[in-house]
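Worksheet: one structure, shown below.
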Amino acid sequence: MQTPSQILKKYFGYDQFRPNQLAIINAIVSGRDVLTLMPTGGGKSVCFQVPALLKNGLAVVVSPLIALMKDQVEALKINGIEAAYLNSSQDGNQQRLIENQARNGQLKLLYVSPEKMVSQTFLTFLRELEISLFAIDEAHCISSWGHDFRPEYQQLGVLKQYFPSIPVAAFTATADRLTRQDIITQLKLSDPALFITSFDRPNLSLRVLPGTKRLQQILKFAREKPNTSGIIYCNSRKQTESLSQKLTEAGFNAGFYHAGMDSAVRSRTQEAFVRDDLKIICATVAFGMGIDKSNVRWVVHYGMPKNLEGYYQEIGRAGRDGAPADTVLFYSFADVMNWRDMISENAPANLEFQLAKLDRMQQYADANSCRRRILLSYFSEEIGQNCGNCDVCSNPRQSFDGTVIAQKALSAAIRLREEVPMNTLIDVLRGSRNQTIVARGYDQIKTYGAGADLKYEEWRDYLWQLINMGVLEVAYEQRHALRRGALADAVLTRGQNIQLVRPEHAIKMNEVAVQTDRKEKSRTDVVRDELFEELRVLRKSVADKLNVPPYLIFSDATLSDLAQKRPTTPEQLLGVSGVGQRKLEQFGVPFLKIISDYTKKKGLPTPTNKIASRNLGESTQLVSFEMYKNGLSVGQIANQRSLTEYTVIGHLVAMFEAGADVNLNQFLAPSERAEIEAVIREIGIIDNRIKPIFDALDARYEYYKIKIVAALIR
Ligand code: ADP
Ligand code: ZN
Numbered sequence: 000m001q002t003p004s005q006i007l008k009k010y011f012g013y014d015q016f017r018p019n020q021l022a023i024i025n026a027i028v029s030g031r032d033v034l035t036l037m038p039t040g041g042g043k044s045v046c047f048q049v050p051a052l053l054k055n056g057l058a059v060v061v062s063p064l065i066a067l068m069k070d071q072v073e074a075l076k077i078n079g080i081e082a083a084y085l086n087s088s089q090d091g092n093q094q095r096l097i098e099n100q101a102r103n104g105q106l107k108l109l110y111v112s113p114e115k116m117v118s119q120t121f122l123t124f125l126r127e128l129e130i131s132l133f134a135i136d137e138a139h140c141i142s143s144w145g146h147d148f149r150p151e152y153q154q155l156g157v158l159k160q161y162f163p164s165i166p167v168a169a170f171t172a173t174a175d176r177l178t179r180q181d182i183i184t185q186l187k188l189s190d191p192a193l194f195i196t197s198f199d200r201p202n203l204s205l206r207v208l209p210g211t212k213r214l215q216q217i218l219k220f221a222r223e224k225p226n227t228s229g230i231i232y233c234n235s236r237k238q239t240e241s242l243s244q245k246l247t248e249a250g251f252n253a254g255f256y257h258a259g260m261d262s263a264v265r266s267r268t269q270e271a272f273v274r275d276d277l278k279i280i281c282a283t284v285a286f287g288m289g290i291d292k293s294n295v296r297w298v299v300h301y302g303m304p305k306n307l308e309g310y311y312q313e314i315g316r317a318g319r320d321g322a323p324a325d326t327v328l329f330y331s332f333a334d335v336m337n338w339r340d341m342i343s344e345n346a347p348a349n350l351e352f353q354l355a356k357l358d359r360m361q362q363y364a365d366a367n368s369c370r371r372r373i374l375l376s377y378f379s380e381e382i383g384q385n386c387g388n389c390d391v392c393s394n395p396r397q398s399f400d401g402t403v404i405a406q407k408a409l410s411a412a413i414r415l416r417e418e419v420p421m422n423t424l425i426d427v428l429r430g431s432r433n434q435t436i437v438a439r440g441y442d443q444i445k446t447y448g449a450g451a452d453l454k455y456e457e458w459r460d461y462l463w464q465l466i467n468m469g470v471l472e473v474a475y476e477q478r479h480a481l482r483r484g485a486l487a488d489a490v491l492t493r494g495q496n497i498q499l500v501r502p503e504h505a506i507k508m509n510e511v512a513v514q515t516d517r518k519e520k521s522r523t524d525v526v527r528d529e530l531f532e533e534l535r536v537l538r539k540s541v542a543d544k545l546n547v548p549p550y551l552i553f554s555d556a557t558l559s560d561l562a563q564k565r566p567t568t569p570e571q572l573l574g575v576s577g578v579g580q581r582k583l584e585q586f587g588v589p590f591l592k593i594i595s596d597y598t599k600k601k602g603l604p605t606p607t608n609k610i611a612s613r614n615l616g617e618s619t620q621l622v623s624f625e626m627y628k629n630g631l632s633v634g635q636i637a638n639q640r641s642l643t644e645y646t647v648i649g650h651l652v653a654m655f656e657a658g659a660d661v662n663l664n665q666f667l668a669p670s671e672r673a674e675i676e677a678v679i680r681e682i683g684i685i686d687n688r689i690k691p692i693f694d695a696l697d698a699r700y701e702y703y704k705i706k707i708v709a710a711l712i713r
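Residue 0 is where the sequence shown starts when you use numbering that gives the first Met the number 0, and the numbers rise one by one after that.
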């Protein structure tokens, strides 16, 4: 029997489990019920897919979204795992076909919609089969508290009634304590093993920028990341359309997506993005659910979201493959006001609650300490140190005595009778000659122009800090007028000292220095060089031929690993993270060719064969090939390995097709090859089917010889 690690390498190509994965796998294999909380991109699928391969029988996976099921099944098939799905997108015949496959033991994993899962006929059908486990994906859909509520999920308790001894494993990326309890109770899990993985996503950089000149900032940002997939979240439908148009005019491959679009157009747009045909998508928050695309390299928030849950979920769509990804949030006071108005106008029952959440969002955007710590503490997690991958960490704030600034601001606000909003206050402080100021006589008050030494943006930044400290206060109910806060009197009359932090744009120089330093450190984990680009283009063309999304062929992380290790033999290729046995066989040749061409062209050294030798035990083809290279004949190999000679030759043909150096001509005479080749060229090989050729040659040649010639022709 194979170990979980062997399965992980053989089928998924990974060398190591991520945190908790192995423990979860072991719990399921030992027959326990499991509840797992893991962030998006944490690697939930492997946790039930490996047990499905280790155990006898069929694993049934409940998944709420048709698009996701299709994606996962395609990913499994590409890895050489027999899988299928059943849902309402199929007609009766198609469903029966799949049920037959399940009945005949031809499937290891079967994905089903919750509706299907709880239907009486399907449950009865499953009872006839050997079931290895039930996996419930997106288990939070069970809770009527959440926004993804699916009523059928609440009936999934029947699984434990029908199959009391089969482990049920529930997975979710979002579950507070209430939802967690809901999942356990409703699924009737008995003494479940609970796994809570850190919600930290260290590969995501966090950056907040002032919401001025957003378009220019976005254009600059996108130019620095050519040929990458990115999402720009906007707060309105109109915004998505106009931004997409501006990006397109600037020469970017951009589109838009929102819930107001025709559903066919919407799914076409989503598909184009998933397939890398559309690089940048400007979208409302309607976009993202049901997308597993692992190579989203950046997420930008054009406007501030209304709470941290939404924000974290949206940035979480970047960098699922674990490779570095960037996130940028544009923040402006106007966004806060808009949300506040919008939430208040709707006057929901939990108004206070929603406003408090908005406050937390704003505090995050305003923060002068490590953003990741703030974010994770919101989700009740403490990482114990600053992250080093947010804008505050890489650009520590410098504080200074801002008492005079605070006094000027307060004094102006008071003289304006605590009736004006922030922009007017700044105009007065800076001595602006704008019409309203003059018309209202604000240019006559004593503090007019007292803050002319500071830029508008600087004032806005400082005023926000003062608001957050309680020196000033926003009177939301009075058109956002600024008035005295709790600390105001202390500052004005009791000499209270106020420390302010310099706004980001005032210390640009530092930022540059720190970022170069960080780049140096992270160089090993992100390589996007010339070779990466060549591999990326190849990945796209291979994916298009197979009609699947490119990231299912290899993830960006794998391409990056390929570009660094530059393997030139199949053994070395297997040593790359994300290359399993099946992918080696299917895609090895073209990828190796590009790498060795590149290596030769550039005169680069090639790695030794050392990397892959540890994986040899997991690949039967490689074992045969290794023996062959050591000079053993096919007969000797077959003997030592207790295999037939045909099987051994089959291994060598597979290795040859993966790019290995095997002299296949030695296994048949030149005349034999000529005759077989003529027939193949005449009638062709469809779907790898050898039988028609075999028949056309009147069964005079063994299958393996035809396979050899076919491989040689290819
Ligand atoms: P989730 O469902 O938790 O969002 P996925 O199961 O889609 O996450 O996994 C996210 C990505 O991480 C996928 O590309 C997956 O292949 C990859 N992955 C999973 N486990 C590992 C591992 N042990 N090593 C490297 N990559 C992994
Ligand atoms: Zn940080």
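All C-beta atoms, glycine included, are put in the ideal place defined by N, C-alpha and C.
- At a threshold of 7 Å, Val622 does not count as near the ligand ZN, since its beta carbon sits no closer than that to any of the ligand's heavy atoms.
- Taking C-beta separations shorter than 7 Å and ignoring five residues to either side along the sequence, the partners of Val633 in its chain run Glu644, Val647 and Ile648, following chain order.
- Around the Cβ of Met341, a 10 Å sphere holds fewer than 16 other Cβ atoms; the residue is exposed.
- Short note on Leu409: C-beta not closer than 7 Å to any heavy atom of the ligand ADP.
- Taking 4 residues as the shortest admissible run, the region 197-262 contains the following complete alpha helix (DSSP H) segments, listed from N- to C-terminal end: 213-222 and 236-248.
- The closest heavy atom of the ligand ZN lies less than 7 Å from the beta carbon of Gly387.
- Around the CB of Phe124, fewer than 16 other CB atoms lie within 10 Å, so the residue is classed as exposed.
- Per DSSP, the continuous beta strand (DSSP E) segment holding Ser398 begins and ends at Ser398 to Asp400.
- Secondary structure note for Arg482: its beta strand (DSSP E) is the uninterrupted segment Ala480 to Arg483.
- Across the structure, Phe352 and Glu472 are spaced so that their CA atoms are roughly 19 Å apart.
- For Ile130, the enclosing beta strand (DSSP E) has its first and last residue at Ile130 to Ile135.
- If you look at Ala58, you'll find it in the beta strand (DSSP E) that goes Leu57 to Val61.
- In this structure, Leu486 sits away from Trp458, with a CB-CB distance that is not shorter than 8 Å.
- Here the C-alpha atom of Cys46 lies approximately 13 Å from the C-alpha atom of Leu75.
- Of the heavy atoms belonging to the ligand ADP, none sits nearer than 7 Å to the Cβ of Asp275.
- Distance from Asn78 to Gly579 at the Cβ level is roughly 6 Å; contact confirmed, criterion being Cβ atoms closer than 8 Å.
- If the five residues before and after Tyr84 are omitted, its C-beta is found closer than 6 Å to the C-beta atoms of Met68, Val72 and Tyr110, all from its own chain and listed in chain order.
- Counting only unbroken stretches of 4 or more residues, the alpha helix (DSSP H) elements lying wholly within the region 624-662 are 633-640 and 644-656, in sequence order.
- Rounded to the nearest whole angstrom, the C-alpha separation of Asp660 and Ala322 is 33 Å.
- Looking from the CA of Cys281, the closest CA among Gln89, Asn234, Arg680 and Tyr703 belongs to Asn234.
- Between Lys8 and the set Leu465, Pro38, Val575 and Ala82, the nearest pair of CA atoms involves Val575.
- In the DSSP assignment, no residue is bridged to Phe531.
- When rounded, the separation of the alpha-carbon atoms in Ser293 and Tyr703 is 39 Å.
- For Ala51, the enclosing alpha helix (DSSP H) begins and ends at Lys43 to Leu53.
- Under DSSP, Thr171 takes part in a beta bridge, and its partners are Leu36.
- Ranked by how close their Cα comes to the Cα of Arg371, the residues Asp528, Lys599, Ala58 and Phe198 have Phe198 in first place.
- For Arg206, the Cβ stays outside the 7 Å cut-off from all heavy atoms of the ligand ZN.
- With distances taken between CA atoms, Pro163 lies nearest to Gly30 out of Gln105, Pro113, Pro63 and Gly30.
- The continuous beta strand (DSSP E) containing Arg296 extends over residues Val295 to His300.
- Annotation for Thr326: the continuous beta strand (DSSP E) segment containing it runs Ala324 to Tyr330.
- Between the C-alpha atoms of Asp70 and Asp291 there is a straight-line separation of about 7 Å.
- Your pair Leu328 and Arg339 does not check out as a contact, with CB atoms roughly 18 Å apart and the cut at 8 Å.
- By the 16-neighbour rule on beta-carbons within 10 angstroms, Gln362 is exposed.
- Phe655 is not a Cβ neighbour of Ala698, given a cutoff of 8 Å.
- Residue state for Cys389 is assigned as strand, using DSSP reduced to three classes.
- Not one heavy atom of the ligand ADP sits closer than 7 Å to the Cβ of Gln635.
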